[in-house]
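Numbering (our numbering), first residue to last: 40 to 290.
Pasting the structure below:
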């Protein structure tokens, strides 16, 4: 698949701090600049998540029923050309349900839930095989579809975005120094955390995917394949880096 990388340097907040003005200020005058960059690519991976739910009056029959439906679903997928090595079973759970009746009485039943996930490099042939399996009359599927970046894509985009964010911060710091008639001495600190997540987690995906969050239900009545836009939209990696330079007045 031909990838197209778009580069965008976002507007950033610039501020000048001096000693004593903030708790984290250095003992010398400094300038703090935030550089931000986004790189985008067409995602390579088409993934599906199939929800499986069963009910029974007893725990073990419910467990057996869930296992049987999962095996049946996997069999359908493999017969329609999906490689069994990319089929994963997740979130296997049996939970008790209580339906309350009159006078404090209740009926106990059990619900089994699981999910099958499939991730594969996108191609027209793979998309056709996947939709053909999901349309199968023998199993009623409830599923979602997503385009996602491959791990190699994420690594490549993150490296490029980090380098560009630092370059962006440097360019802005030099512009500030020139305009304010000050001299940049050296980098004092570099902060590489996402402020929006409290500084403990970095959420760097910029999602532009038309399929994300859309669920499709296939019945056993042989309903036609839904019309789905299989033209993946670009997904980006955003990186923001805050750099503090020690400064002095130009002499």
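Each residue gets a CB set at the ideal place from its N, CA and C atoms; glycine is no exception.
I believe residue 76 touches residue 204 by the beta-carbon criterion, under 8 Å. Please report the beta-carbon distance rounded to the nearest angstrom.
Translated into positions along the chain shown, residue 76 becomes position 37. Translated into positions along the chain shown, residue 204 becomes position 165. Contact holds; Cβ gap of about 4 Å.
CB-CB under 8 Å to residue 130, same chain, minus the five flanking residues each way: which ones, in chain order?
Counting from one through the chain shown, the residue named residue 130 turns up at place 91. Hits under 8 Å: 152, 153 and 154.
What would DSSP say about residue 194, mapped onto helix, strand or coil?
Looking up residue 194 in the chain shown gives position 155. When DSSP states are grouped into helix, strand and coil, residue 194 belongs to the helix group.
Closer than 8 Å is the cut-off here; do at least three beta carbon pairs connect the region 169-187 with the region 107-121?
Touching, yes, given that three or more Cβ pairs across the two stretches are closer than 8 Å.
Alpha-carbon spacing of residue 84 relative to residue 161, whole angstroms:
Counting from one through the chain shown, the residue named residue 84 turns up at place 45. Counting from one through the chain shown, the residue named residue 161 turns up at place 122. Cα-Cα distance, rounded: 5 Å.
Let me check understanding here. Comparing Cα to Cα, which of 156, 274, 91 and 110 lies closest to residue 181?
Looking up residue 181 in the chain shown gives position 142. It is 91 whose Cα lies nearest to the Cα of residue 181.
In this structure, how does DSSP classify residue 139 when only helix, strand and coil are distinguished?
Working through the chain shown from its first residue, we reach residue 139 at position 100. In the structure shown, residue 139 sits in a strand (DSSP, three-state: E or B).
Report yes if the C-beta distance between residue 150 and residue 121 is below 9 Å; otherwise report no.
Within the chain shown, residue 150 is the residue found at index 111, counting from 1. Within the chain shown, residue 121 is the residue found at index 82, counting from 1. For residue 150 and residue 121, no; Cβs fall outside 9 Å.
Starting from the N-terminal side, write out each stretch of the alpha helix (DSSP H) that is 4 residues or longer and does not extend beyond the region 79-154.
Runs of the alpha helix (DSSP H) inside the region 79-154: 98-118.
Using three-state DSSP, classify residue 179 as helix, strand or coil.
For the purposes of this step, residue 179 is taken as residue 140 along the chain shown, with counting starting at 1. Looking at residue 179 - three-state DSSP - the assignment turns out to be coil, as it is neither helix nor strand.
Answer yes if the region 271-284 comes into contact with the region 188-197, meaning at least three C-beta pairs across the two stretches below 8 Å, and no otherwise.
Between the region 188-197 and the region 271-284 there are three or more inter-stretch CB-CB distances shorter than 8 Å, so the stretches are counted as touching.
Pick helix, strand or coil for residue 159, following the three-state DSSP scheme.
Translated into positions along the chain shown, residue 159 becomes position 120. It is a strand residue.
When the Cα of residue 107 is compared with those of 74, 168, 128 and 218, which residue comes out closest?
The sequence position of residue 107 within the chain shown is 68, counting from 1. Residue 128 is the option with its Cα nearest to residue 107.
Residue environment, residue 140, which counts as buried when at least 16 other CB atoms sit within 10 Å:
The count along the chain shown starts at 1 and reaches residue 140 at position 101. Residue 140 should be labelled exposed.
Proximity of residue 271 and residue 145 at Cβ, strictly below 9 Å
By one-based count along the chain shown, residue 271 stands at place 232. By one-based count along the chain shown, residue 145 stands at place 106. No Cβ-Cβ contact shorter than 9 Å links residue 271 with residue 145.
For residue 282 versus residue 209, is the C-beta distance shorter than 9 Å?
If you number the chain shown from 1, residue 282 lands on position 243. If you number the chain shown from 1, residue 209 lands on position 170. The beta carbons of residue 282 and residue 209 sit closer together than 9 Å.
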